[in-house]
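All remarks here apply to the structure that follows.
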Amino acid sequence: MTRTFLRSTLPVLFVCLFLTVEASGQKTLNVVTSLPDLQSIAEEIGGDRVEVSSIATGFQNPHFVDPKPSFILKLTRADVFVTIGLDLELGWVPPLLQSARNPDILPGSEGYVDASTDVPLLDVPSSVSREQGDIHLFGNPHYWLDPANGKVIAKNILRALTRLQPESADYFNENLRVFENHLDEKIEEWAEMMAPYRNQPLIAYHNQWPYLEAALGFIAVDFLEPKPGIPPTPSQLAKIIGLMKQESMNTIISSPYFKPDTAELVARNIDGSVVVLASSVGAFPEVKTYFDLFDYNVAQLIKAFDASTK
Ligand SMILES: [Zn+2]
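For what it's worth, our numbering labels the leading residue of the sequence shown as 1, then goes sequentially.
Dropping the structure here:
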């Protein structure tokens, strides 16, 4: 009985031992991010010395993610946690961190990264009030949608990776340099592509594009939501239809997680069109990286603007 037991378990034990040595030899840092955009950037900087996963998917509303036990488990095992911060994930990140009870990734610890550090914020309100359900209390939190901010996010991630693995500092810094150069080239390319459409006005469902507007030069004049996080009301929609007719606007931009009915209703009234942009990496199957995010959105906007002038 004992001999049979040993014969069957010994090889398993050897394999386990071997795998543990292999894993520690590679020194892979386990990075968990709130959003897939942060995952994509962390993968660029961490290269083969990190294993990165995201809690939210790219087609979910990042303000409202349902906490699941599997997310807590993920965080329990993390060496690094990267969050967008401000009040974007206020409803789900703090409870998840609290439940995971991993002291290495709590705010203030070495493995905690608030990616908004040093980001120049837009729409910072002069007074702070959550009246009427405002969910952009500390400034607009959708800052990853300006590719220039991708470089700030990357630096914040690099600092944490270097703190935890100082022997890889040169490797991480070289990855950052490559990422920044690639992004600079693409930022120039996107700006050139969008130049003929400068100051093109449109309507957005949710006020989540000011950073993309600044980067690409279009203007979201008003929103289907009367306030960020408050669903469209009949009076707001009537106001928007009037405004679009008056200003001859015909494009409404939305995100994959907003039900299409409302935006389509408005579009029908003004003979316009709805463009669903990628609000995050993973919003659509072809948007696999942080670079794809802007490639996709630039292409969609150009297609819409070209169609509207015909
Ligand atoms: Zn928002």
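All C-beta atoms in this analysis are idealised placements derived from N, C-alpha and C, irrespective of residue type, glycine included.
- The C-beta of PHE223 has 16 or more other C-beta atoms within 10 Å across all chains shown, which makes the residue buried.
- Taking 7 Å as the cut-off, the C-beta of ILE84 does not count as close to any heavy atom of ligand 1.
- Taking 7 Å as the cut-off, one finds no heavy atom of ligand 1 near enough to the beta carbon of HIS182.
- The beta carbon of ALA267 is closer than 7 Å to those of ILE252, SER273 and VAL274 in its chain, skipping five residues each way along the sequence.
- Ranking ILE72, GLN60 and GLY229 by CA distance to the CA of LEU277 puts GLN60 first.
- Annotated three-state conformation of TYR112 is strand, per DSSP.
- In this structure, the C-beta of PRO36 stays at least 7 Å away from each heavy atom of ligand 1.
- By the neighbour-count definition (other C-beta atoms within 10 Å, threshold 16), HIS182 is an exposed residue.
- With fewer than 16 other CB atoms across the displayed protein chains lying within 10 angstroms of its CB, PRO69 is exposed.
- When PHE258, ILE219, ARG49 and TYR143 are compared, the shortest CA-CA separation from THR28 is found for ARG49.
- Its chain contains TYR205, LEU224, ILE252, SER254 and VAL274 as the residues whose beta carbon lies nearer than 8 Å to that of ALA263, once the 5 sequence neighbours on both sides are disregarded; these appear in chain order.
- Where PRO210 is concerned, the enclosing alpha helix (DSSP H) starts and stops at 210-216.
- It is roughly 8 Å from the alpha-carbon of TRP190 to the alpha-carbon of PHE294.
- In the same chain as LEU121, and ignoring 5 residues on each side of it, the C-beta atoms closer than 6 Å to its own belong to GLY139, in chain order.
- Boundaries for ILE55: no alpha helix (DSSP H) harbours it, and the DSSP string shows neither H nor E there.
- With contacts defined by Cβ atoms closer than 8 Å, ILE157 and HIS63 do not form a contacting pair.
- Here the distance from the Cβ of GLN60 to the nearest heavy atom of ligand 1 is not below 7 Å.
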